[in-house]
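Numbering (the UniProt record's numbering), first residue to last: 1 to 359. Presented below is the structure to which this report refers.
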């Protein structure tokens with residue numbers, strides 16, 4: 001079972017929390033499938049070890065959830081109210097109605113009690129009471145199974161019946177003491193400290209040494225067999241954009257770590273992200289050398305791409321970007337100021353993207 005997340009979701013959650021907040025108190029969105037991550041699924045993260053989660057996609061999850069409902073009565077009440085709400089909404093929402101029919105396994109759905117002391121609209125819920133009293137008599141195992149089947153059967157509108165928002169609510173502490181997170185359908189949430197401590201890029205290969213990243217980068221670039229100057233320029237810019245994204249991630253996360261307290265450490269994936277940037281730098285060197293051989297003045301860039309032209313010329317001579325070179329050195333030194341160096345590359349990459357936006 002894979003668990004995936006986007007690093008920006010983790011960083012945003014950490015940034016929104018007050019300074020000094022224990023990451024164990026923060027739940028971050030995760031997914032059962034590789035997420036899009038702003039159009040770059042290759043940036044997705046996964047976990048290096050299996051966490052202790054409430055997996056509501058497995059049969060055992062029913063009994064774990066039922067036990068949680070038994071131990072935390074507030075969660076039990078919240079689930080009753082949420083299913084009661086769904087049974088009320090179904091009268092004017094076909095998707096909810098269909099999902100409930102699936103959840104109840106073909107059994108007749110409970111009737112909705114009508115109000116006699118107010119408007120006749122059957123969708124109005126009486127505060128603190130159940131419009132479907134039968135829900136209050138369902139045992140916890142059955143209640144858990146109904147909720148899980150209902151949520152998974154929904155095709156849209158999951159946020160209206162979200163586990164974290166509507167079941168855990170403002171009291172997630174009892175849940176967090178038992179589980180690292182949860183998964184239901186293709187969605188879920190995980191404690192931020194788990195994502196920080198065990199998160200890795202989904203394409204991580206522990207057997208690749210630093211030298212292999214550089215060699216593989218050169219081989220990949222040569223295997224593309226590009227000869228057209230414009231295609232070479234696009235390939236160079238794509239590799240540069242990859243580096244810019246990764247350095248943005250490094251900068252955002254590492255600059256946030258001090259606010260999390262003394263226990264927050266630099267994640268293991270920071271080093272491999274730098275190595276991936278070196279892999280792209282090796283590719284850029286191949287593309288740049290071919291571009292300069294065909295177009296020594298790099299006229300394809302136009303008259304105003306001064307920073308991009310300088311970067312390509314550096315690569316064409318086999319050189320590395322200055323910020324990336326420092327970032328590599330910082331990566332090999334504990335507690336080095338990696339964030340400041342990553343920010344330098346990110347800012348330079350963003351400038352190059354503006355210069356070449358019209359190409």
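Note that beta-carbon positions come from the ideal geometry of N, C-alpha and C, so glycine has one too. It should be emphasised that the depicted structure is a prediction, and the values quoted were computed from it without experimental measurement.
Distance between residue 191 and residue 169, taken at the CA atoms: about 15 Å. Residue 104 carries a coil assignment under DSSP once its states are collapsed to helix, strand and coil. Its chain contains no residue whose beta carbon lies nearer than 7 Å to that of residue 50 once the 5 sequence neighbours on both sides are disregarded. Proximity of the region 86 to 103 to the region 182 to 201 falls short of the contact definition, fewer than three beta-carbon pairs being nearer than 8 Å.
In the displayed model, residue 237 falls within a helix according to three-state DSSP.
DSSP places residue 47 within a strand segment (E or B) once states are collapsed to three. The beta carbon of residue 226 is closer than 8 Å to those of 232, 235, 287 and 290 in its chain, skipping five residues each way along the sequence.
Counting C-beta pairs closer than 8 Å gives three or more between the region 238 to 250 and the region 341 to 352, which meets the contact rule. Taking 8 Å as the cut-off, the Cβ atoms of residue 352 and residue 308 count as close. The three-state reading of DSSP puts residue 204 in coil, since its state is none of H, G, I, E or B. Between residue 89 and residue 10, the alpha-carbon positions lie close to 33 Å from each other. Residue pairing for residue 186: DSSP places it in no beta bridge. About 7 Å separates the CB atoms of residue 254 and residue 342; that is less than 8 Å, so the two are in contact. For a cut-off of 8 Å, the C-beta gap from residue 140 to residue 66 is around 4 Å, short enough to register as a contact. Within the region 310 to 345, the runs of alpha helix (DSSP H) at least 4 residues long that lie entirely inside it are, in chain order, 322 to 331. Beta-bridge partners of residue 181 (DSSP): 53 and 190.
Comparing alpha carbon positions, the residue from 102, 166, 278 and 57 closest to residue 32 is 57. Proximity of the region 268 to 277 to the region 297 to 305 falls short of the contact definition, fewer than three beta-carbon pairs being nearer than 8 Å. Straight across, the Cα-Cα distance linking residue 330 with residue 269 is about 14 Å.
Between residue 294 and residue 229, the alpha-carbon positions lie close to 7 Å from each other. The alpha-carbon separation between residue 105 and residue 215 amounts to approximately 56 Å. Secondary structure at residue 27: strand, using DSSP grouped into helix, strand and coil. Around residue 162, the same chain offers no residue with a beta carbon nearer than 6 Å, after the five sequence neighbours per side are excluded.
Residue 39 is not bridged by DSSP to any residue. Taken atom to atom, the span from the alpha-carbon of residue 25 to that of residue 83 is near 27 Å. In this structure, residue 74 keeps its C-beta atom at 8 Å or more from the C-beta atom of residue 110.
A Cβ-Cβ contact shorter than 8 Å links residue 3 with residue 47.
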